[in-house]
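To start, the structure itself, in structure tokens.
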Amino acid sequence: MRGCQLIIASGWPCATGRVPAGRWLPAATNNRSITRASLTCVLPTLLPAASAALALRRHSTTPPQRPPVREYFYVIDVHGQLFLQETEPKNLTSCFKDRRFLDFFFQRLRANVPADPHYARSYEYVSPCGREMNYVQAADAPVRAAGQQHLLVFAGTMTCGFDPSRVHVSRSSGRLYHPLPDGALLPTATLYAAIHPPLGLIKSSLVLSRLADGLDMDSGTLVLDGNTYPLHWIP
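Residue numbers (my numbering): 67 to 301.
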């Protein structure tokens, strides 16, 4: 440290009085004098500035970013079976069967609106779950309804009453649909967006066993248990 000099940027007070700005301190003759001059003249100015900077940093800390949304992709086939998209082969043995999971999944199912531009064409539906987004591709309406006496069963254990006067028929496919109960499913997309409550596709097994004999597409009627009901046409 011998021979070092200290320049004063502003008029700082020190033990020997105020040192004018822009002046050099005399070269120190020993380590003790350099240390004494440095500490006496510099620290009183630096410490308040350092404290203020630390306080500003504490108050201006940005909130932590939320973790990214995890994305999963599912397929619902024409029989209403739910699969992860990468599952192969897709059949009765590889579809999801846990009823609690299916109820949870379908209760949150809704139209992919506003659609994510990356997935809008392939995935018309989503089933959000916390920080997860489940994208769903459906072969038809996303919900399939099977029969159990006078009830329609869908998802895992969800049910609604079967009303033959509310059966809908698609002109393009000839498939039959039935409205789902209010609150059972958030509004669906595309072809059935204007229909409320949303429609579930009646499984072909139920149509063949219970409804096929009474269907008259020419007159647009359904005969069931001796009663005649009008069919409601959709595109």
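In this text, a Cβ means the ideal position worked out from N, Cα and C, and glycines have one as well.
Quiz item: Got a sec, what are the start and stop residues for the beta strand (DSSP E) Arg241 sits in?
Solution: Unbroken run through Arg241: none, as it is neither H nor E.
Self-check item: Simplified DSSP assignment, three categories, for Gln173
Solution: Helix, per DSSP.
Practice problem: Take Pro79 and list the residues in its own chain whose beta-carbon comes closer than 6 Å to its own, dropping the five residues that flank it on each side. | Solution: For Pro79, the predicted structure reports a pLDDT of 47, less than 50, and the residue's modelled location is therefore unreliable. The matter cannot be settled from this model.
Self-check item: Collapsed DSSP secondary structure at Phe220 in the structure displayed
Solution: Assignment of Phe220 by DSSP, reduced to helix, strand and coil, places it in the strand class.
Quiz prompt | Segment limits, beta strand (DSSP E) that includes Ser193 | solution = Run containing Ser193: 191-195, per the beta strand (DSSP E) assignment.
Exercise. Within the same chain, show all residues whose beta-carbon is closer than 6 Å to that of Phe172, passing over the 5 residues directly before and after it, in chain order.
Key: Within the same chain, and ignoring the five residues on either side of Phe172 in sequence, the residues whose Cβ sits closer than 6 Å to its Cβ are Ala221.
Self-check item: Cβ neighbours of Leu168 in the same chain (closer than 7 Å, five flanking residues each side left out)
Solution: When the five nearest sequence neighbours on each side are left out, the beta carbons in the same chain lying within less than 7 Å of the beta carbon of Leu168 are those of Leu148, Phe162, Ala221, Gly222, in order along the chain.
Self-check item: Contact set for Arg210: own chain, Cβ-Cβ below 6 Å, skip 5 residues either direction
Solution: The beta carbon of Arg210 sits closer than 6 Å to the beta carbons of Gly146, Leu267, Lys269 from its chain, once the five residues preceding and following it are set aside; these are given in chain order.
Quiz prompt | DSSP-derived helix/strand/coil call for Thr256 | solution = Unreliable positioning characterises Thr256 in this predicted model, as indicated by a pLDDT of 43, which lies under 50. The coordinate reading is nonetheless provided below. In the displayed model, Thr256 falls within a helix according to three-state DSSP.
Exercise. Kindly list the residues whose CB is nearer than 6 Å to the CB of Thr225, restricted to its own chain and excluding five residues on each side of it in sequence; keep chain order.
Key: Leu217, Val219, listed in sequence order.
Exercise. With DSSP as the reference, label Phe54 as helix, strand or coil.
Key: Absent from the structure is residue 54, since the part of the chain shown begins at 67 and ends at 301.
Quiz item: Which residues does DSSP pair with Asn293 in a beta bridge?
Solution: According to DSSP, which records beta bridges pairwise, Asn293 is partnered with Leu290.
Self-check item: Alpha carbon of Ser236 to alpha carbon of Leu242, nearest angstrom
Solution: Ser236 and Leu242: Cα-Cα distance of roughly 7 Å.
Exercise. Reducing DSSP to helix, strand and coil, say where Val273 ends up.
Key: Under the three-state reduction of DSSP, Val273 is assigned to helix.
Exercise. Name, in chain order, the residues that DSSP records as bridge partners for Ala211.
Key: By DSSP's assignment, Ala211 forms a beta bridge with Ile268.
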